[in-house]
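Undergrad: The numbering used here numbers the first residue of the sequence shown as 234 and each following residue consecutively.
Think of the CB as a built atom: it goes at the ideal place given N, C-alpha and C, for glycine as much as any other residue.
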Amino acid sequence: MTAFTGKTLAMSCNSQKIRDLRRQIPSFECVPGCHDCCGPVTTSSEEMARLPRNTAAEQEAALNELNCVHLGPNGCTVYEERPLICRLFGTTPTLPCPNGRRPDVLIHPAVEKQVHEYIASTRQVLV
Numbered sequence: 234m235t236a237f238t239g240k241t242l243a244m245s246c247n248s249q250k251i252r253d254l255r256r257q258i259p260s261f262e263c264v265p266g267c268h269d270c271c272g273p274v275t276t277s278s279e280e281m282a283r284l285p286r287n288t289a290a291e292q293e294a295a296l297n298e299l300n301c302v303h304l305g306p307n308g309c310t311v312y313e314e315r316p317l318i319c320r321l322f323g324t325t326p327t328l329p330c331p332n333g334r335r336p337d338v339l340i341h342p343a344v345e346k347q348v349h350e351y352i353a354s355t356r357q358v359l360v
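As structure tokens, then:
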């Protein structure tokens with residue numbers, strides 16, 4: 234197996250893991266335009282590959298404001314593709330929504346643990 238094939242296989246496995254975890258994270262309606270949970274976060278290379286690229290200047294400006302580079306005037310510009318860590322906000326007692334929003338049923342603790350284990354097991358990059 235070549236290094237490229239091994240890397241491709243790992244990315245494919247991670248992409249499947251991301252899809253599986255996303256399906257298990259409950260969703261809820263955010264306050265329109267809210268960005269109270271937004272800020273710089275780290276995410277896996279696989280998740281980052283799904284997001285649009287920003288310039289170094291845009292990245293630096295966002296970090297200087299302690300914002301996410303994907304935060305726009307009306308909230309998250311990549312909401313449908315937002316990283317796992319962003320999806321956890323409001324779904325678990327450890328990351329509550331500052332506006333009191335939440336799904337009817339919070340994330341199952343075992344699934345939350347799997348998300349944190351995935352994050353810990355992958356190389357993380359700053360968004």
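Is it the case that the Cβ atoms of E291 and N247 are separated by a distance below 8 Å?
TA: For the purposes of this step, residue 291 is identified with residue 58 of the sequence shown, where counting begins at 1. For the purposes of this step, residue 247 is identified with residue 14 of the sequence shown, where counting begins at 1. Against a cut-off of 8 Å, the Cβ pair of N247 and E291 comes out as no contact.
Undergrad: Using a threshold of 8 Å, state whether the C-beta atoms of G272 and G308 are closer than that.
TA: On the sequence shown, residue 272 is found 39 positions in, with the first residue counted as 1. On the sequence shown, residue 308 is found 75 positions in, with the first residue counted as 1. Result no, Cβ atoms of G272 and G308 do not sit closer than 8 Å.
Undergrad: Would you mind working out which of V360, Q257, F261, D269 sits nearest V311, comparing C-alpha positions?
TA: The count along the sequence shown starts at 1 and reaches residue 311 at position 78. Minimum Cα-Cα distance from V311 among the listed residues V360, Q257, F261, D269 corresponds to V360.
Undergrad: Looking only at its chain, what residues have a beta carbon closer than 6 Å to the beta carbon of V283, apart from the 5 residues adjacent to it on each side?
TA: Residue 283 sits at position 50 when you count from the first residue of the sequence shown. The sequence given here places Arg at residue 283; Val does not occur at that position. Counting only Cβ-Cβ distances below 6 Å, and skipping sequence neighbours, we find E314.
Undergrad: For L321 and E298, I'd like the C-alpha separation in whole angstroms.
TA: Locating residue 321 in the sequence shown gives position 88, counting from the first residue. Locating residue 298 in the sequence shown gives position 65, counting from the first residue. Distance between the alpha carbons of L321 and E298 is about 22 Å.
Undergrad: Output the distance between the C-alpha atoms of R356 and T275, rounded to the nearest integer angstrom.
TA: Within the sequence shown, the letter at position 123 stands for residue 356. Within the sequence shown, the letter at position 42 stands for residue 275. The straight-line gap from Cα to Cα measures roughly 9 Å.
Undergrad: Is it buried or exposed for K346, if we count other Cβ within 10 angstroms and need 16 for buried?
TA: Within the sequence shown, the letter at position 113 stands for residue 346. By the 10 Å Cβ count, K346 comes out exposed.
Undergrad: DSSP state of S260, grouped into three classes?
TA: On the sequence shown, residue 260 is found 27 positions in, with the first residue counted as 1. It is coil, neither helix nor strand.
Undergrad: Can you look up A353 in the DSSP assignment and give me helix, strand or coil?
TA: Position 120 of the sequence shown, counting from 1, holds the residue named residue 353. Note: A353 maps to helix in three-state DSSP.
Undergrad: Helix, strand or coil, according to DSSP, for A284 in the structure here?
TA: As a first step, residue 284 must be located in the sequence shown, where it is residue number 51. The question names Ala, yet the displayed sequence has Leu at residue 284. Looking at L284 - three-state DSSP - the assignment turns out to be coil, as it is neither helix nor strand.
Undergrad: Are the beta-carbon atoms belonging to C263 and R335 less than 8 Å from one another?
TA: The residue given as residue 263 occupies position 30 in the sequence shown. The residue given as residue 335 occupies position 102 in the sequence shown. Their beta carbons are not under 8 Å apart, which means C263 does not touch R335 by this criterion.
Undergrad: Under a Cβ-count criterion, where at least 16 other Cβ atoms within 10 Å of its own Cβ denotes burial, should A343 be classed as buried or exposed?
TA: Locating residue 343 in the sequence shown gives position 110, where the first residue counts as 1. That one is exposed.
Undergrad: Could you work out which residue in V348, A353, L339 is closest to P259 when comparing CA atoms only?
TA: Counting from 1 along the sequence shown, the entry for residue 259 is found at position 26. Considering only alpha carbons, the answer is L339.
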